[in-house]
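Input: a single structure, listed below in structure tokens.
Numbering (our numbering), first residue to last: 1 to 332.
Right, here's the structure in full:
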């Protein structure tokens, strides 16, 4: 049953999330203790245990993995906070559709289904330095759209984005939820050079000042400071949690979406892992505070979903180790 305000249904859904049954994870630990070589499996063991818990299956399986990329446009991009022109986002959507992007090749190599979602690219969100990104209805509708990305026919979902100005919006969301200023977050939000760091710093501080006094509610933070890709990823995370689909998060927008949900209910992101280690500084601090461990202990991986595809390969390997390894015979 729907309620009177657009966000109410999401609040109720998040409020009612049950704790995951620990039995599958416990069973995975028992099996790994039987199989583990003397030097251990390291991250593979941790990943296998997480996958068993997140999927509520033992042994877990990875069939039909999917990468969903959400493309959005931002009014804040007009402030020159990116090395790319705003038109890059639409061009990248077309490039992916033609199969020519690096992420297409990575998905082909990993046998991963790729879906790219165009989120009203001809209608940028509001310039968050002077107005809200969008209204409650628009934000809730975009979250609902994102929920459709978590299809029941996948057993592992990677989520990412591409946008111009989106990292600045994500940095604003994270700063509002977890603290920090534009100077703290600018490095994570844009590329160095040609004054972009200073412009990103100023844009983040201006956005936080513009919306001060309205940022106690995490969903208000999302609608005022975020973007369509962040809202859609948040919806996909929630839908996957309900369906026991493990999620890999790739990029700053995905981290911001997870932080919004964690602020509402920490159980909403227990099925998530970061694709790769968050950059040093505030992003790394955030990942620790909301207990998001990385699948890959690396930071120098290109964006646009590449880290997500590589992480899927690691998760697959962990699954096969858990189900296929046998105890090593004692040496004669």
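Even for Gly, the Cβ is constructed at its ideal location relative to N, Cα and C.
- Of the candidates 8, 14 and 60, 14 places its Cα closest to the Cα of residue 237.
- Around the Cβ of residue 314, a 10 Å sphere holds 16 or more other Cβ atoms; the residue is buried.
- For residue 118, the CB contacts under 6 Å within the same chain, skipping 5 residues up- and downstream, are 71 and 93 in chain order.
- Per DSSP, residue 298 is not a residue of any alpha helix (DSSP H), being assigned neither H nor E.
- Rounded to the nearest whole angstrom, the CA to CA distance from residue 85 to residue 164 is 7 Å.
- Look at residue 161 here: in three-state DSSP terms it is strand.
- Excluding the 5 residues flanking it on each side, residue 112 has same chain C-beta neighbours closer than 7 Å at 65, 66, 67, 309 and 312, in chain order.
- In the DSSP assignment, residue 294 is bridged to 274.
- Under the criterion of beta carbons closer than 8 Å, residue 272 and residue 292 qualify as touching, at roughly 6 Å.
- Ranked by how close their Cα comes to the Cα of residue 289, the residues 136, 79, 256 and 275 have 256 in first place.
- Judged by DSSP in its simplified three-state form, residue 309 adopts helix.
- The beta carbon of residue 147 lies closer than 6 Å to those of 235 and 239 in the same chain, with the five residues before and after it left out.
- When the alpha-carbon of residue 98 is set against those of 82, 116 and 87, the nearest one is in 116.
- For residue 72, the three-state secondary structure derived from DSSP is strand.
- In the DSSP annotation of this structure, the continuous segment of the alpha helix (DSSP H) that includes residue 8 starts and ends at 8-15.
- According to the DSSP assignment, residue 248 belongs to the beta strand (DSSP E) that extends over 247-249.
- Its Cα nearest to that of residue 105, the residue 307 stands out among 80, 307, 157 and 317.
- Of the candidates 199, 200 and 95, the residue whose Cα lies closest to the Cα of residue 162 is 95.
- Between the beta-carbon of residue 225 and that of residue 169 there is about 6 Å, and that keeps the pair under the 8 Å contact cut.
- Between residue 218 and residue 177, the CB-CB gap stays under 8 Å.
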